[in-house]
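Under my numbering, residue 823 is the last one in the sequence shown; the count climbs by one each step, no gaps.
All residues carry an ideal CB built from backbone N, CA and C; glycine is no exception.
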Amino acid sequence: VVLPGGFSYGDYLRCAAIAKLAPAMQGVFNHAKKGGYILGICNGFQILLESGLLKGAMKHNNNLSFISKNQNLRVVSNDNAFLKNFKKDEIINLPIAHGEGNYYADEATLKELQDKDLITLKYEPNPNGSVFDIAGICDENKKIFGLMPHPERACEKVLGNDIGLKMLKGFLF
Numbered sequence: 651v652v653l654p655g656g657f658s659y660g661d662y663l664r665c666a667a668i669a670k671l672a673p674a675m676q677g678v679f680n681h682a683k684k685g686g687y688i689l690g691i692c693n694g695f696q697i698l699l700e701s702g703l704l705k706g707a708m709k710h711n712n713n714l715s716f717i718s719k720n721q722n723l724r725v726v727s728n729d730n731a732f733l734k735n736f737k738k739d740e741i742i743n744l745p746i747a748h749g750e751g752n753y754y755a756d757e758a759t760l761k762e763l764q765d766k767d768l769i770t771l772k773y774e775p776n777p778n779g780s781v782f783d784i785a786g787i788c789d790e791n792k793k794i795f796g797l798m799p800h801p802e803r804a805c806e807k808v809l810g811n812d813i814g815l816k817m818l819k820g821f822l823f
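Now the structure itself:
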């Protein structure tokens with residue numbers, strides 16, 4: 651299952667707050683219960699957080715502005731299907747485009763994410779104030795993965811970058 655980027659339900663109230671209540675989410679929950687893979691990209695990541703399938707929350711970027719640019723990221727953990735095609739500590743570049751991409755979690759959750767190797771990607775440098783520079787995380791089973799960058803926008807070398815294709819191939823094959 652892939653939850654793509656896009657401003658679901660206009661992001662009224664806060665990002666993904668209404669989307670988590672959509673009837674289609676029952677299918678996502680059922681897929682998760684069966685151990686299926688789920689990828690949340692940008693707004694899809696926000697939906698995974700709002701629905702409780704991943705831990706933490708998103709806040710407005712610290713500069714309160716929408717950010718749209720190519721962003722360097724460090725692969726923190728490649729012990730998952732999504733990043734298995736990359737080396738640990740490899741620097742990759744993917745587009746970002748968000749106004750609420752400032753990841754937040756309390757100290758206990760951050761400790762758990764670190765101790766269980768669930769932080770998958772970090773910003774290099776941090777563009778939005780995200781705690782611990784977090785750009786992506788996964789669940790304990792390493793089957794649910796959320797990231798703010800857009801791998802689907804980096805799939806054609808002729809357009810400058812196909813790193814996203816390498817990432818998506820890890821998820822699909």
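Beta-carbon proximity check, residue i vs residue j, cutoff 8 Å
i: Tyr-754; j: Val-781; result: yes
i: Gly-814; j: Asn-735; result: no
i: Ile-688; j: Ile-794; result: yes
i: Asn-711; j: Asn-791; result: no
i: Leu-763; j: Leu-723; result: no
i: Leu-699; j: Gly-706; result: yes
i: Leu-671; j: Asp-789; result: no
Counterpart residues of residue i in DSSP-defined beta bridges
i: Gln-721; result: Leu-744
i: Val-652; result: Leu-689
i: Ile-769; result: Ile-787
i: Met-829; result: Coverage of the chain is limited to positions 651 through 823, which leaves residue 829 absent and any answer about it impossible.
i: Lys-761; result: Paired residue(s): none; Lys-761 is not in a bridge.
i: Asn-752; result: Lys-709
i: Leu-797; result: Ile-691, Gly-786
i: Glu-806; result: Asn-811
Own chain partners of residue i with C-beta closer than 7 Å, once the 5 adjacent residues on each side are dropped
i: Asp-767; result: Ser-727, Asp-729
i: Gly-655; result: Ile-691, Cys-692, Asn-693, Gly-694, His-800
i: Leu-760; result: Val-781, Phe-782
i: Tyr-773; result: Gln-721, Leu-723, Ser-780, Asp-783, Ala-785
i: Ser-701; result: Lys-670, Met-675
i: Asp-812; result: Ala-804, Cys-805, Glu-806
Own chain partners of residue i with C-beta closer than 6 Å, once the 5 adjacent residues on each side are dropped
i: Leu-653; result: Gly-690, Gly-694, Ile-697
i: Leu-818; result: Pro-801
Cβ separation of residue i and residue j, assumed to be a contact under 8 Å, to the nearest whole Å
i: Cys-692; j: Ala-747; result: 7 Å
Close-in-space but distant-in-sequence residues of the same chain around residue i (CB under 8 Å, 5 per side omitted)
i: Phe-823; result: none
i: Asn-776; result: Asp-783
Legend entry - Given 8 Å, three or more beta-carbon pairs between the region 794–808 and the region 738–749: yes
Inset, instruction - Say whether the region 776–793 touches the region 750–765, bearing in mind that this needs 3 or more beta-carbon pairs closer than 8 Å, one atom from each stretch. - result: yes
Inset, instruction - Determine contact between the region 675–694 and the region 714–724, defined as no fewer than three beta-carbon pairs at a distance below 8 Å. - result: no
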